[in-house]
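> In mature numbering (1 follows the signal peptide of the UniProt record, and there is no 0), the protein residues as written are -22 to -1, 1 to 402.
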């Protein structure tokens, strides 16, 4: 067989094969395995072929999360655009591509395509989607992870979809502000101003943010200063020592400058008053120490002021106690005067009066009748007032409780007839 005959034969065979292929359902995926960064948008390119005598009415994409086939139909060529994150961007002729916006981790899995016509067909095995996160690797100079001023730190942004080729374009952010572009960020001769939260993302997809990496730069005390606060004019002064350090200041020391020497006078961030003189504070943490500038004070001695206050309070208390004692004594004297004072003349006479009963007997009665029987004899009472010599106050007080009335009966013969004298 000549060469021309062979070529003609192959041409005829190819024509028959092309005609046969054109009359069958077929789907071609340009990528069987697709990798996407979480937060980015991904396109799943796809082409399909169908018999010439068949008209495609609808193309549907499905998400298969496990085997056996379980999932859901996520996009259709007949769905309105923009209704979901899944968007069909093909047509009904040959393009069956699908686009997913803001890919999430649960979007991972297998995707298949189906043609809906009178006979439901599901050709091909579909494609798979893998969703990954951007990762940041930090290179630190110390094994314990501590970063100090002057150290160098390297940050590397990794996209596992690139297989380590660094083909992606990255942007670095510090506290959400862009600072650098590229897969690596080098912080050399680092200072405390470099402390913050660092992230990286794909330049074309700002939503593809990596995890946060915190850079905490430790340093010794800086900007140490003393502030003066006056509590009481001319008497009390408060000194406050402040400093910036990471970690925070661990030790505070107050010094008073005396001649050419310094004297340790306190170990707290706040120093309460003191004598006039020159003062400064010293602070320290595990990375270093620093002294403040000297502050000159001109105030009265704290102890002198305190002694004066105590003396003033003591004097006031003594005066108050003296007034109280005088008042009590005056009240007691007044009360005694009212108790021991002599009563009116009538009351005095009443207290010093002895009562005597004088009996008048009738002379005409018999001698037996003259026995002055109390039941039949007329009694005449006479009051005799005996004025005693004033007793002492104590005796008066005793007598006032024991005052008694003494009654005495005296028998006297009464002359009923004064013209007849009494016989001898």
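Built from N, CA and C at the ideal position, the CB exists for glycine as well.
Which of helix, strand or coil does DSSP assign to residue 14?
Reading the chain shown from its first residue, position 36 is the one you call residue 14. Of the three classes helix, strand and coil, the one that applies to residue 14 here is strand, per DSSP.
> Can you tell me where the beta strand (DSSP E) with residue 268 in it begins and where it stops?
Translated into the one-based positions of the chain shown, residue 268 becomes position 290. Segment 266 to 269, the beta strand (DSSP E) holding residue 268.
> Return the residue from the list 170, 80, 169, 190 that minimises the CA-CA distance to residue 133.
Numbered from its first residue, the chain shown carries residue 133 at position 155. Here the closest residue by C-alpha is 190.
> What number of angstroms, rounded off, separates the C-alpha of residue 18 from the C-alpha of residue 150?
Counting from 1 along the chain shown, the entry for residue 18 is found at position 40. Counting from 1 along the chain shown, the entry for residue 150 is found at position 172. C-alpha separation (whole angstroms): 16 Å.
> Taking the straight line between their C-alpha atoms, what separation do you get for residue 24 and residue 76?
Locating residue 24 in the chain shown gives position 46, counting from the first residue. Locating residue 76 in the chain shown gives position 98, counting from the first residue. Distance between the alpha carbons of residue 24 and residue 76: 8 Å.
> Determine whether the beta carbon atoms of residue 274 and residue 250 lie at a separation below 7 Å.
As a first step, residue 274 must be located in the chain shown, where it is residue number 296. As a first step, residue 250 must be located in the chain shown, where it is residue number 272. Result no, Cβ atoms of residue 274 and residue 250 do not sit closer than 7 Å.
> Quick one: what's residue 112 bridged to in DSSP?
Mapped onto the chain shown, residue 112 falls at position 134. Note: residue 112 sits in no beta bridge, so no partner.
> Does the distance from the CB of residue 109 to the CB of residue 81 come in under 7 Å?
Here the question's residue 109 lines up with position 131 in the chain shown. Here the question's residue 81 lines up with position 103 in the chain shown. Taking 7 Å as the Cβ cut-off, residue 109 and residue 81 qualify as a contacting pair.
> What would DSSP say about residue 144, mapped onto helix, strand or coil?
Here the question's residue 144 lines up with position 166 in the chain shown. Coil at residue 144, not helix or strand.
> Can you check whether the CB of residue 178 is closer than 7 Å to the CB of residue 114?
Along the chain shown, one-based indexing puts residue 114 at 136. Along the chain shown, one-based indexing puts residue 178 at 200. In contact: residue 114 and residue 178 (Cβ atoms closer than 7 Å).
> Do the segment 197 to 206 and the segment 221 to 228 make contact, defined as three or more Cβ pairs closer than 8 Å?
Because the criterion of three Cβ pairs below 8 Å is met, the segment 197 to 206 and the segment 221 to 228 touch.
> Where residue 260 and residue 236 are concerned, what is the direct C-alpha to C-alpha distance, given to the nearest angstrom?
For the purposes of this step, residue 260 is taken as the residue at position 282 of the chain shown. For the purposes of this step, residue 236 is taken as the residue at position 258 of the chain shown. Taking the straight line joining both Cα atoms gives about 16 Å.
> Residue 137: buried (16+ other C-beta within 10 angstroms of its C-beta) or exposed?
Position 159 of the chain shown holds residue 137. Its Cβ being crowded by 16 or more others within 10 Å, residue 137 is buried.
> Could you check how far apart the C-beta atoms of residue 155 and residue 265 are, in whole angstroms? I think they sit under 8 Å.
Position 177 of the chain shown, counting from 1, holds the residue named residue 155. Position 287 of the chain shown, counting from 1, holds the residue named residue 265. Not confirmed; about 28 Å, so no contact.
> Please indicate yes or no: does the CB of residue 5 lie closer than 6 Å to some heavy atom of the ligand FMN?
Only the bare structure without any ligand can be found here, which leaves the ligand FMN out of the picture.
> In or out: residue 31 buried (at least 16 other Cβ within 10 Å) or exposed?
The count along the chain shown starts at 1 and reaches residue 31 at position 53. It is exposed - the Cβ of residue 31 has fewer than 16 other Cβ atoms within 10 Å.
> By a C-beta neighbour count over all protein chains shown, 10 Å radius and 16 as the cutoff for buried, is residue 16 buried or exposed?
For this step, residue 16 is matched to residue 38 along the chain shown. Residue 16 is buried by the Cβ-count criterion.
> Opposite residue 239 in the DSSP bridges: which residues?
Start at 1 with the first residue of the chain shown, and residue 239 comes out as number 261. 236.
> May I have the straight-line CA-CA distance separating residue 290 from residue 299, to the nearest angstrom?
Sequence index remark: in the chain shown, residue 290 carries index 312 (1-based). Sequence index remark: in the chain shown, residue 299 carries index 321 (1-based). Straight-line Cα distance between these residues: approximately 14 Å.
> What is the residue span of the beta strand (DSSP E) that residue 406 lies within?
Lying before the first or after the last residue shown, residue 406 is absent from the chain, which here runs from -22 to 402.
> In angstroms, rounded to a whole number, what distance separates the CA positions of residue 307 and residue 294?
Within the chain shown, the letter at position 329 stands for residue 307. Within the chain shown, the letter at position 316 stands for residue 294. Taking the straight line joining both Cα atoms gives about 20 Å.
> Determine the burial state of residue 304: buried for a count of at least 16 other Cβ atoms within 10 Å of its Cβ, exposed for fewer.
Looking up residue 304 in the chain shown gives position 326. The residue in question, residue 304, is exposed, as its Cβ has fewer than 16 Cβ neighbours within 10 Å.
> Note down the Cα distance separating residue 118 from residue 176, rounded to an integer number of angstroms.
Position 140 of the chain shown holds residue 118. Position 198 of the chain shown holds residue 176. Distance between the alpha carbons of residue 118 and residue 176: 15 Å.
> For residue 226, which three-state DSSP category applies?
By one-based count along the chain shown, residue 226 stands at place 248. Residue 226: coil per DSSP, three-state reduction.
> Where does residue 291 sit, in a helix, a strand or coil, going by DSSP?
Position 313 of the chain shown holds residue 291. If DSSP states are grouped into helix, strand and coil, residue 291 belongs with the helices.
> For residue 258, count neighbouring C-beta atoms within 10 Å of its own C-beta (all shown protein chains included) and say buried if the count is 16 or more, exposed if not.
As a first step, residue 258 must be located in the chain shown, where it is residue number 280. Buried, by the Cβ-count rule.
> Nearest to residue 229 by alpha carbon, out of 263, 312, 12, 163?
The count along the chain shown starts at 1 and reaches residue 229 at position 251. The shortest C-alpha separation from residue 229 is found at 263.
> What separation, rounded to the nearest whole angstrom, lies between the Cα atoms of residue 288 and residue 301?
The sequence position of residue 288 within the chain shown is 310, counting from 1. The sequence position of residue 301 within the chain shown is 323, counting from 1. Each residue's Cα considered, the two are about 20 Å apart.
> Which residue from 158, 112, 169 puts its Cα closest to that of residue 127?
As a working mapping, residue 127 is identified with position 149 in the chain shown. Nearest of 158, 112, 169 to residue 127, Cα basis: 169.
> Can you give the Cα-Cα distance for residue 27 and residue 69, rounded to whole angstroms?
Residue 27 sits at position 49 when you count from the first residue of the chain shown. Residue 69 sits at position 91 when you count from the first residue of the chain shown. About 12 Å.
> Between the alpha carbons of residue 92 and residue 74, how many angstroms are there, rounded?
Residue numbering aside, residue 92 sits at position 114 when the chain shown is read from its first letter. Residue numbering aside, residue 74 sits at position 96 when the chain shown is read from its first letter. Taking the straight line from one Cα to the other gives about 10 Å.
> What does DSSP give as the partner residue(s) for residue 103 in the beta ladder?
Residue mapping note: residue 103 aligns to position 125 of the chain shown, counting from 1. According to DSSP, residue 103 bridges with nothing at all.
> By Cβ distance, which residues of its chain are closer than 6 Å to residue 297, with the 5 residues on each side in sequence left out?
Along the chain shown, one-based indexing puts residue 297 at 319. Nothing listed; no residue qualifies.
> Between residue 13 and residue 121, what straight-line distance do the alpha-carbon atoms span, to the nearest angstrom?
Residue numbering aside, residue 13 sits at position 35 when the chain shown is read from its first letter. Residue numbering aside, residue 121 sits at position 143 when the chain shown is read from its first letter. Computed Cα separation, rounded: 34 Å.
> Once you ignore the five residues that flank residue 152 on each side, which residues in its own chain have a CB closer than 6 Å to its CB?
Mapped onto the chain shown, residue 152 falls at position 174. Taken in chain order, the residues that qualify are 174, 176.
> Go ahead and label residue 20 buried or exposed: buried means 16 or more other beta carbons lie within 10 angstroms of its beta carbon, across all protein chains shown.
Within the chain shown, the letter at position 42 stands for residue 20. Looking at its Cβ environment, which holds 16 or more other Cβ atoms inside 10 Å, residue 20 is buried.
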